[in-house]
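Using the working numbering, the letters of the sequence shown map in sequence onto residues 801 to 923. Each residue gets a CB set at the ideal place from its N, CA and C atoms; glycine is no exception. Below is one structure, written out as structure tokens, with a few remarks after it.
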Amino acid sequence: MIEGVVNDALEAVATLSLQGPAGQAQDIEAVLDTGYSGFLTLPNTVVTALGLPFAYIGRALLANDAEVTFDVHDVTVLWDGRPRQIKADATGSTPLVGMLMLANHRLDMDVARGGRVTIRPHQ
């Protein structure tokens, strides 16, 4: 189980542990974003610090119909207590956890400042 909290901006956040290819590790606080369909977004500063390998160029269509491109990198995330290899979109300044990361999990949250957030695998 992964636990988090609802912050003062009413965002559900959780701390995730990331690992780069040479064993570099970094904890990040990520916002759970059910409107984002990917796995994870990471700021370029985190990608650089962990030395994440480039995978491919990604494309997305934003809500305002603008199309954007961004680099996609391989990263290992400690998820449910186990290492999970995923693709992370290098974009933005705030890490986001998307629906691909949350797939096959149950997300519960008390939407109030300081509210509890839990992510559990489906039984």
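Closest Cα partner of residue i within the set the options
i: ARG913; options: GLU811, GLU803, PRO895; result: GLU811
i: VAL813; options: GLY915, ALA822, PRO853; result: GLY915
i: VAL846; options: LEU818, MET801, ARG884; result: LEU818
i: PRO863; options: GLN923, ALA809, SER837, PRO883; result: For the record, residue 863 in the displayed sequence is Ala; it is not Pro. When only C-alpha atoms are compared, the closest one is SER837.
Test item: CB-CB of residue i and residue j under 9 Å
i: GLN824; j: ALA855; result: no
i: VAL806; j: ASP910; result: yes
i: ILE919; j: LEU907; result: yes
i: GLY804; j: THR841; result: no
i: THR876; j: ILE886; result: yes
Supposed close pair residue i, residue j - CB separation, criterion 8 Å
i: ALA888; j: HIS873; result: 5 Å
i: ALA870; j: GLY858; result: Per the sequence presented here, residue 870 reads as Phe, with Ala not at that position. Right, the Cβ-Cβ distance comes to about 5 Å (below 8 Å), so this counts as a contact.
Quick check on the DSSP output: what are the complete alpha helix (DSSP H) runs of length 4 or more inside the stretch 846–904, in order along the chain?
Counting whole runs of 4 or more residues, the stretch 846–904 contains the alpha helix (DSSP H) stretches 899–902.
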